[in-house]
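Participant: So the sequence shown is numbered by this note's numbering: it starts at 32 and just counts up by one.
Before we start, here is the structure in question, set down as structure tokens.
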Amino acid sequence: MATVGAKLLGAGLIIAVETVPERKKLAKKFGADVVIDFKEVDAVEKIKELTGGDGVDSAIEALGAQITFENCIKATRPGGTISNAGYHGEGEYLKIPRLEWGVGMGDKTINTGLCPGGSERMKRLLRLLENGRLDPTLLTTHQFSFTDVDQAFELMKTKADNVIKPLITFK
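Shown next as structure tokens:
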């Protein structure tokens, strides 16, 4: 979804960081110009290389993990923006790497929350679906009834069975 959003907003170079083969294919399909496998190379170094050492204008943290949050800060240029779309459900704190943040002087903006933009973001996503700008079936790998929603959340948490996105049905 982050790749689709970046493309629709007119991003120049779209870089996705992924290691799961199916997710790599989807990133390309949804508009990523480059897909970096973080198990093969240092993602931050590769991003810096691709951007002439500057870093990206905007980074989107979509996993909800401390390491990806830190890497987004490290990969973002001074004056850039980090948007957190991931759910950070564990740990007491999110740490900000002080030097890469510019010791507070790097003018990096961090937009975050449980779901940045909350209901307004969801309304925009629904409009994309309604207007045919996004095909959600490409992301849907599993289906659950609402009564089994806990199983869907567990699957997302463990990333088991090559899950990308589960679909919850209300019948």
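Yeah, the Cβ is synthetic: ideal placement off N, Cα and C, and Gly gets one too.
What first and last residue would you give for the beta strand (DSSP E) that runs through ASP88?
Facilitator: Segment 87 to 92, the beta strand (DSSP E) holding ASP88.
Participant: Using the beta-carbon count (16 or more within 10 Å), is ASN115 buried or exposed?
Facilitator: Flag for ASN115 reads buried.
Participant: On the DSSP bridge list, what partners appear for HIS119?
Facilitator: Paired residue(s): none; HIS119 is not in a bridge.
Participant: Below 8 angstroms on the Cβ atoms is my guess for ASP64 versus ILE45; work out the distance and round it to an integer in Å.
Facilitator: At roughly 5 angstroms, the Cβ-Cβ gap stays under 8 angstroms, so ASP64 and ILE45 are in contact.
Participant: Go ahead and pull the three-state DSSP assignment for THR171.
Facilitator: It is a strand residue.
Participant: Note down, in chain order, each residue of its chain lying with its Cβ closer than 7 angstroms to the Cβ of THR50, except the 5 sequence neighbours on either side.
Facilitator: The answer, listed in chain order, is ASP68, PHE69 and LYS70.
Participant: Secondary structure at LEU40, three-state DSSP: helix, strand or coil?
Facilitator: In this structure, LEU40 counts as coil in the three-state DSSP scheme.
Participant: Residues bridged to ASN142 by DSSP?
Facilitator: Bridge partners of ASN142: SER114.
Participant: Within the present structure, is the beta-carbon of PRO128 separated from the nearest heavy atom of the ligand COA by less than 7 angstroms?
Facilitator: Only the bare structure without any ligand can be found here, which leaves the ligand COA out of the picture.
Participant: So is ARG26 buried or exposed if we call it buried at 16+ other beta carbons inside 10 Å?
Facilitator: In this structure the chain extends from 32 to 202, so residue 26 is not present and cannot be described.
Participant: So the alpha helix (DSSP H) LYS56 belongs to, where does it begin and stop?
Facilitator: Taken as a continuous stretch (DSSP letters only), the alpha helix (DSSP H) holding LYS56 covers 52 to 60.
Participant: Give the straight-line distance between the Cα atoms of LYS77 and GLY95, rounded to the nearest whole angstrom.
Facilitator: About 21 angstroms.
Participant: Would you say THR171 and LYS196 are within 8 angstroms of each other, going by their C-beta atoms?
Facilitator: In contact: THR171 and LYS196 (Cβ atoms closer than 8 angstroms).
Participant: Three-state secondary structure (DSSP) at LEU198?
Facilitator: Three-state result, LEU198: strand.
Participant: Taking only three categories from DSSP, how would you classify THR107?
Facilitator: DSSP places THR107 in strand when its eight states are reduced to three.
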